[in-house]
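Protein chains in written order, with the working numbering: chain P, 51 to 489; chain U, 5 to 297. Accompanying notes for the structure given below.
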Amino acid sequence: MRVRTSLPAAAIATLVSTLAVAPAQSAEIEFWHAMSNRLNELLDEQVAKFNASQDEHTVVATNKGNYSETLNAGIAAFRAGEQPAILQVFEVGTATMMNAAGAINPVYELMENTGADFDPSIYLEAVTGYYTTTDGEMLSLPYNSSTPVLYINNEALEEAGIDADLPTTWADVDAILTALKDAGHECPMTTAWQSWIHLENFSAYHNVPFATQANGFGGLDTELAFNGEAQIKHIDTMGAWAQDGKFSYSGRRNEGGSRFHSGECALFTESSAGYAGVKANAEFDFSIAALPYYDDVEGAPQNTIIGGASLWVMEGKSEDEYLAVAAFLNFLSTPDIQAQWHQDTGYLPITMEAYELTRREGFYDANPGTDIAIIQMTGKAPTDDSKGLRLGNFDQIRGIIDEELEAVWAGDKSAEEALGSAVERGNELLRRFERAAGN
Amino acid sequence: MAERVVFRSVWLPWLLVAPQLIITAVFFLWPATEAILQSTELPDPFGLSTQFVGWDNFDYLFGDRYYRASFLTTAIFSLSVTALSMSMALLLAVLADSVVRGSGVYRTLLIWPYAVAPAIAGVMWLFMFQPSIGLFPYWLKVLGYEWNHVLNPGEAMSLVVIASAWKQVSYNFLFFLAGMQAIPRSLLEAAAIDGASPWHRFRTIVLPLLSPTTFFLLVINVVYAFFETFGVIHTITAGGPGQSTMIMVYKVYADGFVGQDLGSSAAQSVVLMLIVGVLTVVQFRFIERRVHY
């Protein structure tokens, strides 16, 4: 009998105590991200600085795993009505987020509705362009953005008796690789992120379309177009290098990093954000060169595009919370925070002012090559083919591209065959996305 | 005279089986129904809108030659894992059964790998076979063989099969050993006195008497290879190179949780559910007949 009476009592007690706690501080917001290790520490520092800089708002940052896992966590949370205020989403998830009109609160609207100070013109167009509408309205705030560059192990070249200037074209690279190979080098070149560097950025840099409809910016009915002449030529060249032992494939992500750090591979195409890792691990003198191009392709070099992630504001939060979000996003855009982030990580600054500040501080003189990424991205005004990519199901399309490229490196398919097949298979995914998003 | 226990109340038996029924309902019936429903829909990732598409998800799947190819990949993978892990386990069990001294140590060591999580097993094998820093590729290179499972489909498949089988050997070993120890010594001794060689004794006495164990392990291993090898594939190859190690359960994950294509992912789950159902029926109808209990 006693048990019977005390159970409901306990339940009521719990309920009452929960209710008493429930109206928590209204301006505490959640920020889910995918930054790990050192980057996570740096992000936590930014958040701590923001929280200490004022006493109205509190940001709580939580790591949710890698990019795919973080996006998944955000989506699952949204379905359960538990979404964070801010979600970090990688660039390939951009189309997915954009087309989820009821799930996101575009940054330009947020700034307008909260009456926050917001001047879109302070941002570097080459960076924000990836995340803006065709009318130039900012949908999400770029957080970590990088672009591919070429890292060179100077000592390996010296040992092979190569005395060359930094290569600017792929023909220059070919000469170096041949010399390295002839000198008995086991791994003249490797790469990270093959699709991002050798197809997506390659296309933008040579001002040829990766997909129709301005690479997807113009509409959901976009079709892949990366089996053009220029792309086939490049993949064909790399396929031949793979057969000759001049290019050694390491894997779909940045597995090549450790091979370059250890001195096994001499040349390495990788994100500018790989700088921190190279600097920390390489026990040899290295140079950074701009991404090479083919000088016989008209318009090359155009500009490269970014990779990385941006911050999306989720729908369904209170006015107070959005005030906090706006304050935090503005805080992240301040020159000091941006310059610090840029110098610590190798990611690009998102405002012109942060770039100027870094230059004034003498960072580029002390660390030669760190400004190459910015110059390469901002050298020319972006065209329809070099603004960025906005394709649905893009993570899977990249998977398909990886599969087809692997067949080229293994010598099983010609470049033309592989790229044709990747376009065909990718288009099916685009149609499926169009169908799911278009109703 | 034995006293028969009879439940007088109507609800007590139901109450007693209720936990099992609830677990089945919550962890099987409910998700399975959801999967069947979702396989006819095309939702957007955020669940903001869903359209009914009928058979379209299945049409789309079976129209994809890479999906059809994954049936074969899965079959090769499952058969290889099952065959390798069971034969290795049987061999080890025979050897361990004949050990006189220190058998406890051998057994403990052989059972050990079972405690290793699939993802960790995957990473461990990946380290050993990593083309540029792994020990095995280094040794193979000395012998004149260039190992690169990142590009070579056959090598990638071998590696995931070995890693998955290795994980399961312990479990099989345990059951085989127990099964062997349950075989009456007198049978084997009688055969030995009659002049039967060890191999003859093994083939005509041990193997038939082990058949219930073998059958049980066959079912368990096939289910293991189908569903629990996800971690190994994820850490070692992620389905590559190309789609050469893309087994069906990994594709469910890749399409659903990486690609956010929940409709197709649900359709694949339904196909997988049917396959396992059919396999189980086949195993019990046709193979079990050959089992002597």
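Cβ coordinates follow ideal geometry from the N, Cα and C atoms, glycine included.
Counting along the chain, the unbroken beta strand (DSSP E) around PHE81/P starts and ends at 78-83. Residues of the region 440-452 of chain P with a C-beta less than 8 Å from any C-beta of chain U: ASN443, ASP445, GLN446, GLY449 and ASP452, listed in chain order. Shortest Cα-Cα distance from ASN353/P to any of ALA264/P, ASN257/P and PHE381/P involves ASN257/P. Taking a C-beta distance under 8 Å as the contact criterion, MET148/P and ARG440/P qualify as a contact pair. When 8 Å is used as the limit between beta carbons, GLU314/P is near these residues of chain U: SER136, in chain order. Using a Cβ-Cβ cut-off of 8 Å, ASN90/P does not count as an interface residue toward chain U, since no Cβ of chain U sits closer than that to its own.
DSSP places GLU45/U in the strand class (E or B) of the three-state scheme. Interface criterion not met: the Cβ of ASP63/U is under 8 Å from no Cβ in chain P. Not a single C-beta of chain P is nearer than 8 Å to the C-beta of PRO122/U. Residue pairing for LEU317/P: DSSP places it in a beta bridge opposite ILE202/P and MET239/P. Closer than 8 Å to the CB of ASN122/P there is at least one CB belonging to chain U. Bridge pairing for ILE154/P: MET364/P [DSSP].
Counted as a single uninterrupted DSSP element, the beta strand (DSSP E) harbouring ALA111/P occupies residues 108-113.
Within the region 200-254 of chain U, the complete alpha helix (DSSP H) segments at least 4 residues long are 202-205, 215-227 and 234-240, listed from N- to C-terminus. Using a CB distance below 9 Å, the part of the region 470-488 of chain P facing chain U consists of ARG475, GLU478, LEU479, ARG482, PHE483, ARG485, ALA486 and ALA487, ordered along the chain. Against chain U, the beta carbon of PHE128/P has neighbours under 7 Å at PHE50, listed in chain order.
Following the DSSP letters along the chain, one finds PRO122/U inside the alpha helix (DSSP H) bounded by residues 122-133.
Along the region 280-303 of chain P, the positions whose C-beta sits under 8 Å from a C-beta of chain U are TYR299, SER300, GLY301 and ARG302, read in chain order.
Counting C-beta atoms within 10 angstroms of its own C-beta, SER368/P has fewer than 16 neighbours from the protein chains shown and is therefore classed as exposed. Below 8 Å, too few C-beta pairs join the region 85-96 of chain U and the region 238-251 of chain U to call them touching: fewer than three. Under a criterion of Cβ atoms nearer than 8 Å, the residues of chain U adjacent to GLY152/P are, in order, PHE50 and LEU52.
Annotated as distal: TYR173/P and GLU141/P, with beta-carbon spacing of 8 Å or more. Burial of ARG448/P is indicated by the presence of at least 16 other C-beta atoms within 10 angstroms of its C-beta. In the structure shown, ASN194/P adopts extended strand secondary structure according to DSSP, grouped into three states. At least one C-beta of chain U is nearer than 8 Å to the C-beta of GLU456/P. Per the Cβ contact rule, the region 406-417 of chain P is not in contact with the region 234-246 of chain P (fewer than 3 Cβ pairs under 8 Å). Taking a 10 Å sphere around the C-beta of ALA97/U, we find 16 or more other C-beta atoms and assign the residue as buried. In this structure, DSSP gives LEU274/P an extended state, which the three-state scheme calls strand. A direct Cα-to-Cα measurement between SER84/U and ALA176/P gives close to 51 Å. In this structure, ALA359/P lies away from VAL109/P, with their beta-carbon atoms at least 8 Å apart. Pairing ALA229/U with LEU65/U gives a Cβ-Cβ distance that is not under 8 Å. By alpha-carbon distance to LEU361/P, the top candidate from GLU466/P, PHE168/P and MET188/P is MET188/P. The criterion of a C-beta distance shorter than 8 Å is not satisfied by VAL223/P and LEU341/P. The Cβ-Cβ distance between PHE334/P and GLY307/P does not fall below 8 Å. Pairing GLU305/P with SER298/P, the inter-Cα distance amounts to about 12 Å.
Counting only Cβ-Cβ distances below 7 Å, ARG309/P has contacts in chain U at SER136, in chain order.
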